[in-house]
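See below for the structure under consideration.
Number of protein chains: 2
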Amino acid sequence: MKLYSGDLSPYSAKVRMQIYAKGISDIEIELPPGFMTGEFHKTSPLARIPVLDLGGDLIPESEVISEYLEEVYPQVRLLGATARETATIRTVSRIADIYLLNNMFMVLGQARASTRNQGIVDLLTGQVIRGLKALEHYIGEDGFAVCGRLTLADCTLVPALFLIENVIDTVGVANPIPDTPKVAAYWAAIQKNEHAAATLVELYRGLAERRELIAKMAAKEKAKAAAAAAEA
Amino acid sequence: MKLYSGDLSPYSAKVRMQIYAKGISDIEIELPPGFMTGEFHKTSPLARIPVLDLGGDLIPESEVISEYLEEVYPQVRLLGATARETATIRTVSRIADIYLLNNMFMVLGQARASTRNQGIVDLLTGQVIRGLKALEHYIGEDGFAVCGRLTLADCTLVPALFLIENVIDTVGVANPIPDTPKVAAYWAAIQKNEHAAATLVELYRGLAERRELIAKMAAKEKAKAAAAAAEA
C-alpha cells in the first residue's frame with residue numbers, strides 16, 4: 001500500500017498524522033509521479049492528493065482514505081467506542097475539513113493582491129471564522145479535540161489550524177484563532193502531541209520550500225523586468 | 001428520534017432519502033423550532049439543517065447523521081459489503097457533497113444579478129463543473145451511482161443533481177449536466193427509483209414554495225417603490 005502525499009498538502013497531512021498515530025509502518029509515503037507536470041489527473045480524476053494506492057487501485061479523498069484505514073487497520077482506533085462517540089469525532093473532523101480546510105484551500109487562489117477578488121476573500125474567510133466559532137462550542141478542554149484522547153478529529157484539525165495560522169494573512173486577513181479562546185488553547189496543547197508534532201515538522205518544511213520557490217520566481221520576474229527596462 | 005429537516009434543504013433531502021430507502025419508520029421528520037427566526041443557532045451552533053435529535057442530544061451535518069444511521073439501523077445497508085466497496089460509495093457521495101452540493105449552496109448567495117460578484121460565480125460553478133467531470137469517471141451505467149444497487153452515494157447525488165439542474169441558471173450559468181453523458185443518463189434513470197422520486201417530490205414542493213415567496217417579496221417591493229414614486 002502506498003500513500004501519494006505532499007509535505008504542504010493539508011489533506012495529505014491529515015492522513016499522515018493518522019498513520020503515525022496508528023503506528024502503521026507498511027504504507028509507503030511519496031509524491032505521486034506526474035503530480036508537478038499535471039499528468040497525475042490521468043491517473044486520478046480529481047487530480048488531488050492524498051491518494052491511497054492499493055497496487056494500482058486508487059482511493060482518492062482524505063476523508064474516504066481515513067475511514068478506509070480505520071476499517072482495515074483496527075488497531076489504535078481513532079474513531080469512537082460507540083456510534084454516538086464516532087458521530088462526535090466525525091462532526092469535529094467535518095467542521096475542520098469543510099468549514100476550515102476547504103475554504104482556506106480555495107481562498108489561497110486570492111493570495112496575489114493585484115488580482116485579488118475581495119468578495120471571494122470575504123465569503124471564504126467568513127466561512128472559516130464561522131467554522132471556528134462552531135468549533136469553539138465542540139472543542140475539548142483537555143488537550144484533545146474530543147473524547148479525551150487522540151482521534152481523527154485531531155488529525156483533521158492540526159493541518160487546518162496550521163493553515164489558518166500561517167497562511168490566512170496572505171489574503172489580508174488577521175489570524176482569527178486567538179478570537180476563539182478554547183480553540184486557541186487546544187491548538188497550543190495539541191502541538192506538543194508527538195504525532196501532531198511530527199506532522200507539523202513536515203507542514204513547516206513544505207511551507208518553507210513553497211516560500212523559497214515563490215521568492216525565486218519573484219526574483220526572476222524582477223530581473224526580467226529590469227532587463228526589459230534597460231533595453232528600452 | 002427526530003430529524004430536523006426542510007423540504008428544499010438538499011442536505012436534509014439526502015438524509016430523508018436514506019431514511020426512506022432503509023424503511024425506517026420511527027424517526028419523526030419536522031422543521032426545527034426557531035429555524036426561521038434565527039433562534040435555532042442557540043440550539044445547534046452550525047445553525048444548519050438537517051440535525052438529528054436524540055432526545056435533546058443533537059447530531060449536526062448530513063454526512064455525520066447518515067453514517068450514524070448506517071450504524072444504528074444496520075438493515076438495508078447503504079454502505080459497502082467490504083471496506084473497498086464502502087470507500088467507492090463514500091468517494092462518490094463526497095464528490096456530490098463537497099464538489100457539487102457545497103459549491104451550489106454557496107453560489108446561491110449570488111442569485112441577485114444587481115449585486116452579483118462574477119468572480120465568486122466563476123470560482124464556485126467552476127468547481128461544480130470540475131466535480132461533474134470527476135463524477136463522469138466514477139458513475140455507474142446501470143441506473144445506480146455505484147455497486148449496482150441503491151447506496152448512500154445515490155442519496156447525496158439526487159439532491160445535488162436536482163439543485164444543479166433547477167437552480168444553477170439563477171446565477172447565469174447553463175445546466176452543465178448534459179455535458180457529462182454518463183452522469184446525465186444516471187440522472188434520468190435514478191429519478192424513477194421510488195425513494196429518489198419521493199425525495200424529489202419534496203424538493204420540488206420546497207422549490208415552488210420558495211419561488212412563490214420570492215415573487216411575493218418582489219411584488220411588495222415594487223408596490224412600495226410605486227407608492228414612493230406617487231408620493232414624490
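Each protein sequence line maps, in turn, to chains A and B. According to the UniProt record's numbering, the first sequence is numbered sequentially starting from 1. According to the UniProt record's numbering, the second sequence is numbered sequentially starting from 1. Even glycine gets a Cβ: it sits at the ideal position worked out from N, Cα and C. Only a predicted model underlies this, so the values are computations on that prediction, with no experimental measurement involved.
Exposed unless 16 or more other CB atoms sit within 10 angstroms - verdict on residue i
i	result
N166 (chain A)	exposed
I214 (chain A)	exposed
S25 (chain B)	exposed
Q75 (chain B)	exposed
E194 (chain B)	exposed
T151 (chain A)	buried
D169 (chain B)	exposed
E221 (chain B)	exposed
R210 (chain B)	exposed
M36 (chain A)	exposed
T156 (chain A)	buried
D97 (chain A)	buried
A208 (chain B)	exposed
Spatial distance of residue i from residue j (CA atoms)
i	j	result
L231 (chain A)	K224 (chain A)	The question names Leu, but residue 231 (chain A) in the sequence shown is Glu. Roughly 11 Å between the two C-alpha positions.
A228 (chain A)	A218 (chain A)	15 Å
L124 (chain B)	M106 (chain B)	8 Å
G140 (chain B)	E63 (chain A)	22 Å
Y204 (chain B)	E28 (chain A)	48 Å
G121 (chain B)	V72 (chain A)	It should be pointed out that residue 121 (chain B) corresponds to Val in this sequence rather than to Gly. V121 (chain B) and V72 (chain A): Cα-Cα distance of roughly 40 Å.
D7 (chain B)	V92 (chain B)	23 Å
D53 (chain A)	L163 (chain A)	26 Å
V146 (chain B)	Q118 (chain B)	35 Å
A184 (chain B)	A226 (chain A)	53 Å
I99 (chain A)	V128 (chain B)	A small fix is needed here, since residue 99 (chain A) is Tyr in this sequence, not Ile. Taking the straight line joining both Cα atoms gives about 17 Å.
G34 (chain B)	L101 (chain B)	24 Å
Boundaries of the alpha helix (DSSP H) in which residue i is found, first to last residue
i	result
L135 (chain A)	Q118 to Y138
P74 (chain B)	Neither: P74 (chain B) is in no alpha helix (DSSP H) and is coded neither H nor E.
D154 (chain A)	L152 to V167
L213 (chain A)	E194 to E231
S93 (chain A)	A83 to R94
Which of helix, strand or coil DSSP assigns to residue i
i	result
I177 (chain A)	helix
E30 (chain A)	strand
V64 (chain B)	helix
I59 (chain A)	strand
K2 (chain A)	strand
L101 (chain B)	helix
M36 (chain A)	coil
R149 (chain B)	coil
residue 234 (chain A)	Outside the modelled stretch of chain A, which goes from 1 to 232, sits residue 234 (chain A), for which no answer is possible.
T109 (chain B)	The residue asked about is misnamed: residue 109 (chain B) is Gly in this sequence, not Thr. Helix.
S114 (chain A)	helix
A47 (chain B)	coil
I24 (chain A)	coil
Q191 (chain A)	coil
N- and C-terminal bounds of the beta strand (DSSP E) containing residue i
i	result
V51 (chain B)	V51 to L54
- Touching by the beta-carbon criterion (3+ pairs, under 8 Å), the region 16-25 of chain A and the region 197-210 of chain A: yes
- For the region 36-46 of chain B and the region 80-87 of chain B, state whether three or more C-beta atom pairs, one from each stretch, are separated by less than 8 Å. no
- Item | contact_flag[the region 169-183 of chain B, the region 131-139 of chain B] where n(CB pairs < 8 Å) is 3 or more | yes
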